[in-house]
Each structure stands twice: as structure tokens, then as C-alpha cells.
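Working notes, structure below.
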Amino acid sequence: MSKKGLLRGYVVSNWPVYLVAVLLIIASNVGQASLPRILGSFTDQLMQNTLQMQTVVRYSLSLLAISIGYNLLFGTGQFMIMKLGRRFEFMTRERIFSKFSELSEHYFSKQGNGKLLSYVMNDVTSVREAISNGVTLMTNATFLLLSCIVMMLLSGIPLTLILISVVPLLAIPFLVVFFGPRIRKRSRDVQEALATMTESAEEQLGGIRVTKTFAIEDSARARFGTTVDAIKSKQLRLVRLSSLFQALLPLLGAISLVVSLLVGGIMTMQNSITLGSFVALTLYLRMIMGPLQQIGNVINTVQRSGASLERVNDLLSEVADVREIPEATALQTVQNITMENLTFSYPGSSSPALKNIQLNIRAGRTVGIVGKTGSGKSTLVKLLLRTYEAPEGTIRINGTDIRQLSLESLRSRIAYVPQDGFLFSTTIRDNIAFSDREVSLDTVEHSARQAMIYDNIVRFPDRFDTLLGERGLTLSGGQRQRTSLARGLIKQAQLLILDDSMSAVDAVTESGILRSLRQIGKGKTTLIISHRISAVRHADDIIVLDEGRVAEQGTHAQLMAAKGLYAATYRLQEEGLHHV
């Protein structure tokens, strides 16, 4: 997407409305620009003692009509443009969130939540203000300026005097060329600093409990203060430059007014022009001062929003690492899963996370995957879910490369329960029924019983309608994991993946959950990833990973008899160090 593609596309799609709004503002300024001419004519008649009551009434009514017409026309045009600006803000935020949902996990691993929120809040608002206030003020200022010049010509003011008076204004384009790019660069620096500060604030607030328990509030304030100081420094650099620019434009207008007073006054004393023409000229030049100030404000706003627009366009131009091919097929059912010569490295990593993995997971079987931290257990699942892209042809479902399957059909047939058990700030019922908000309460309660969380939930006054705090902090760690497990079970997917999702529950609860899984897992494929042997010992097949390789594979009995890594881990966990 080009740097201005987003804005250009929106303006082009709404050009009839913009055109009508701009024409209304132009019409309002044409009427307003006739005010000095009317007052100049009134002055001449006053000096010639030819005024009559009906003439005074006519002039008064003309001024009233111009005032009413200006407000009606300008107000209507401004409303139309402001409404389009709000629509742009709404549509762009939707597009940004849609883009977030398309991007892969690799993108989010490089970005903090604060920076992502800055796109939605700061940048979009900045662009909206430019296309709302910017279009209105620039149209108003430009055409009022042109109307004033045209009216000066029609008022009988000598062309020479007009040219001498407007010469200082010819410096405006040069000032714009000089200051514009510099303001934009400093504005982008400010937006980047705002994003960093938002990220820091989100991080500090999210970890406020850890900060308090370690009694390091002063350090947290200092870290956050560093980001605030960076914003202050960059904003001051921007303000100094933009203020200088905005001050120079009215200065040019003031110089123009001084020249007109000097030259026009001499010509009036020499009777080269009438007093009325001189009054009209000074009023026109005084009227020009307002548009010059507005043009300065608009250029500042546009340059600042230009930096935000570049950031938004850069985001919308991001290409996801995991993409669906145009001819992708829908996965109807999950049968055999095969992995052949699977070697995978994370982007930017010099060493592979998985090395030459060879696996065959048959339908309807329960497979346990164990291994120490960093052995590649979760990486295997991420590739199966296509949150990261596996090399072509290395993972197949029913003989079809998963890269040729549509993402929606693949992920809709997999129920994934992660270790962190993230919960949303809504009711417990909505969290469990996340995949289908239309399911009945009985179904939700049934899944809660299977996950051994039902008894905890019914102790709350509002039971399943209990509102959870941010990230589900109303619940304990074990309760969050079991609620997340219920969310996975209610999906009734053909493939259930538990990624160390019982690490925070006690042994008795884990045993009850495993009994439920054996009952509901009949005929379904289940992958249980855990560092606990107790969670996988009942599995039909157990895979032991070590440093990205399959070190051992077999049933619990077979692996114990082999007396290898699995057996050693089992003795450590179940029998104690004295048996090693």
C-alpha cells in the first residue's frame, strides 16, 4: 500500500460528498469576501453625504443576509466533512483490527501491546483530525484568500497597489517546502515515543502486583518516567519548529498590511484612490490574516497526521508470515497426522527448534508429548496450528499438506488449550462458550464439570454469570486453567491439544480431569503436552523430545523398560532423587 493509499482510497470513494461540502464552504466564503467591498461603498457614500435611510437599511440587510448565508453554508459543509472524518476513524480502526487478526504470531512477538494500541488510538485520531479540521480549514482559508483577491480587483483598487500589498505573501510556498518535511519527521518521532510510552504504561500496570511485592515502586516510576521524558523532549522539538512556522505566516500578513497602509495611504492623500477603496483594501488584507493563520495550523496538522498516516499504512501493508493460498481446500475431518523430516527454526534464530521430526499420529489415539523446557513441545503444536509456517510437505493431515488447507477449516477442527489460560473480561459463561456463544447453559455446565471447575463456579454469588476481571484475575491460576480447559472441551473438536494446561492444578484435580478426558476422548485424537509424567502415562503413545529431536517413543511401560530419559524423569518426579 502506498504511503497515502488508505486516505486517497477513502476520499475517492466519498468524492461526491466531499465535493458538495467543499462547494458549500466556497460559496460561504464568496459571500463573506464581499463584506469589505460593501463597507467601502458605504464609506464613499458617507463621505459624499449621499446616504439616505433606505440606503442604510439596504446596507444593513445585505450584511445580515451575508452573515446568515455564511453560517448556514459553512456550517452545513463543515458538518458533512466532520461526519466523513468520523466514518474514516471508525472504518480505519476496523481495518486495523482486521489486520491484527490476519497477522501471524511472529509479528506480535516483535510488538508490545502499547505500540499496537497506539495505532488504534493516537494515529487514527491524528489522521481523522487532519481530514476533518484540515479539509474544512484549508478550503475555507484558501478560497477566502482567493475571494478577497478577486473582490479587491472588482472593487476598483489599482492592480499595482494589490500586487505590492500581496508580494510578502509569495514567500508562503517556500516556507511550506522548508518546514513541511521537518515537521513531519519530528511528528513521527513523537508518535513513536507515544507508542513506547503506551507500551511501558501497559506493562507497568499489568505487572503492578509484582512491582508491589518486590517493593520496587521507585524503579518502576523511574522506568516509566524515562519514556515520559523522551516524549517531552521530542514534543518540545516539534513545538519549537511548528510554532516558528505558524508565527511566520501571520508575520507575512502583517507585513502585507503595513505595506498597504503605507502605499495606500499615500495614494489616498494624492486622490489616486478613494477613501472607500482604501478602507476596503485594509479590510481585505485584515481579513486575509485569518486564513493565513488557518493555513499555518492546517499545514502543521497535515504534516503531523502525515507521520501517523505513514505508520498506519505501514501496518496495513504488513504481509502475514502465514498466508492461505488462493486454491486452499477445506479440511473436512482430522484423521492421520504425519510429520516427515520436519526441521524448523524461528525467524531470526540461528539454531533450529525442531530437528528431523518423524511422527505418525493415528486418528482416535491419545498421544503424550513430554520433554524439558525448550525441547520443542509447544513449537510442534504451533506448527500444527499454523501460527508459524512449517516447511512445505513436512506436516500432512489425511495425506494433504497443511499449507494447502484453509486456516479456518484447520483451526475450527482443533481445540487448543494453552498453558496460560487467558480469559476475557466478561462472564465465566461467555469465556467457556467462547467458540459458540449460542450454546445452552446446560452444555456450558457439562463442560465445566468435565474440567473439574463446576464446583468452584457455583460458589460465586452469580455462578456462571460472574464477571471476571482483566485477564481473568478474579480466579486463581488453577481455576483459570480449568476454565480454559472447559472452553476447549465445549468445542468438541476432532483434535484436542492440551499444551501443559494442567500445570497449575493439584494432583487430585489432575487425576479427575484425566479420567474425564479418557471418557470424552474415545474416538477423538488427543495430544497432551506436559512436563509431568502423570499427565501422559495413560496415553496410547508417548513421545519424548530432547533438544528438538525425538529422543524416545512408545507406551509408558515400553519407555520405563528402556530406562532412558523418560524413565529417569519419571523416577525424579514420582519416586524422588534418591532412586537416581
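Heads up: the sequence shown begins at 3 in the working numbering, then just goes up one per residue.
For each residue, glycine too, the CB sits at the ideal point set by N, CA and C.
A quick note: this is a predicted structure, and the numbers were derived from the prediction, not measured.
Taking the straight line between their C-alpha atoms, what separation do you get for ASN528 and ILE363? Reading the sequence as shown, one finds Thr at residue 528 and not Asn. Their Cα atoms are separated by approximately 10 Å.
Which partner residues of ALA417 appear in the DSSP bridge assignment? Answer is LEU498.
Taking a contact to mean a Cβ-Cβ separation below 9 Å, would you say MET82 touches ALA23 in this structure? yes
Own chain residues within Cβ distance below 6 Å of SER106, not counting five before or after: ALA322, ASP323 and VAL324
Applying the criterion that 16 or more other CB atoms from any shown protein chain within 10 Å of the CB defines a buried residue, is PRO38 buried or exposed? By the Cβ-count criterion, PRO38 is buried, with 16 or more other Cβ atoms from all chains shown falling within 10 Å of its own Cβ.
Give the range of the alpha helix (DSSP H) segment to which ALA256 is assigned. For ALA256, the enclosing alpha helix (DSSP H) starts and ends at 219 to 271.
Pair within 9 Å by beta-carbon distance, ILE404 and ARG388: yes
Give the straight-line distance between the Cα atoms of LEU491 and PRO354, rounded to the nearest whole angstrom. 33 Å
Rounding to the nearest angstrom, what Cα-Cα distance links SER536 and GLU440 in this structure? Distance between the alpha carbons of SER536 and GLU440: 36 Å.
Give the DSSP-derived three-state secondary structure of GLY373 in the structure shown. coil
Rounded C-beta distance between THR340 and ASP542? I'm assuming under 8 Å. The Cβ separation is near 16 Å, so there is no contact.
Element boundaries [beta strand (DSSP E), containing TRP70]: The question names Trp, yet the displayed sequence has Ile at residue 70. Premise fails: ILE70 lies in the alpha helix (DSSP H), 55 to 104, not in any beta strand (DSSP E).
Once you ignore the five residues that flank ALA132 on each side, which residues in its own chain have a CB closer than 6 Å to its CB? THR303, VAL304 and SER307
By Cβ distance below 8 Å, which residues in the same chain neighbour LEU156 in space, the five residues on each side in sequence not counted? ARG39
Which listed residue (SER503, SER518 and LEU412) has its alpha carbon closest to that of HIS533: SER503 is the residue among SER503, SER518 and LEU412 whose C-alpha sits nearest the C-alpha of HIS533.
Secondary structure at LEU48, three-state DSSP: helix, strand or coil? When secondary structure is reduced to three states using DSSP, LEU48 falls in the helix class.
Quick check on LYS357: does DSSP put it in helix, strand or coil? strand
Tell me where the beta strand (DSSP E) around VAL546 begins and ends. 543 to 548
Would you check if the region 466 to 486 and the region 427 to 443 touch, i.e. whether three or more CB-CB distances between them fall below 8 Å? yes
Can you have a look at LYS384 and say buried or exposed, based on whether 16 or more other CB atoms are within 10 angstroms of its CB? buried
Measuring alpha carbon to alpha carbon, tell me which of LEU487, LEU386, ASN73 and ILE399 ends up nearest ALA435. If we check each option's Cα against that of ALA435, LEU487 comes out closest.
Close-in-space but distant-in-sequence residues of the same chain around GLY523 (CB under 8 Å, 5 per side omitted): Excluding sequence neighbours, GLY523 sits near THR368 and LEU498.
Spatial neighbours of MET291 in its chain, beta-carbon cut-off 8 Å, leaving aside the 5 residues before and after: PRO252, GLY255, ALA256 and LEU259
Please state whether the Cβ-Cβ distance between GLU554 and LEU567 is less than 9 Å. yes
Span of the beta strand (DSSP E) holding THR527? 527 to 531
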